[in-house]
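If you count the sequence shown from 1, you need to add 1 to reach our numbering. Following: one structure in structure tokens, then a few remarks.
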Amino acid sequence: MKGCLNMRTQKCYAVRSNISEFLDIARRTYTEIVDDIAGMIAQLAEKYSLPLRTSFSSSRGFFIQMTTDCAALSSDQLPSEFIKVNLQWQGNG
């Protein structure tokens with residue numbers, strides 16, 4: 002993961018360890034949650050054989066991203082677990 006999430010993580014570790022026990026616990030919890038989210042998305046990718054990847058933006062939070070040929074796969078063909086599907090068209094010129 003890059004960009005916004007990476008900056009957030011860097012801010013989380015701006016203060017060195019062992020300064021505050023509560024900060025250390027919060028950092029550990031944050032890291033575990035981010036890892037759990039990535040793990041859940043990897044499980045979904047394996048379960049459904051889809052090219053899913055974890056994404057994050059400050060406005061949307063965590064979300065799943067998948068690049069595919071939209072003509073080959075429509076949103077109604079996705080498993081019911083995917084409750085909010087947004088299609089983005091990327092033109093080639």
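Cβ atoms here follow ideal geometry from the backbone N, Cα and C, with glycine treated the same way.
Evaluate residue 12 with the Cβ neighbour count: other Cβ atoms within 10 Å of its Cβ, from every protein chain shown; 16 or more gives buried, anything less gives exposed. Position 11 of the sequence shown, counted from the start, is the residue given in the question as residue 12. Flag for residue 12 reads exposed.
At the level of alpha carbons, what is the spacing between residue 6 and residue 44? In the sequence shown, the residue the question calls residue 6 occupies position 5. In the sequence shown, the residue the question calls residue 44 occupies position 43. Computed Cα separation, rounded: 21 angstroms.
Could you name the residues of the same chain whose beta carbon sits closer than 8 angstroms to that of residue 63, not counting the 5 residues immediately before and after it, in chain order? Locating residue 63 in the sequence shown gives position 62, counting from the first residue. So the list reads 38, 55, 56, 57, once near-sequence residues are dropped.
Relative to the C-alpha of residue 65, which residue among 40, 78, 77 is closest? Here residue 65 is taken as the residue at index 64 of the sequence shown, counted from 1. Nearest C-alpha to residue 65: 40.
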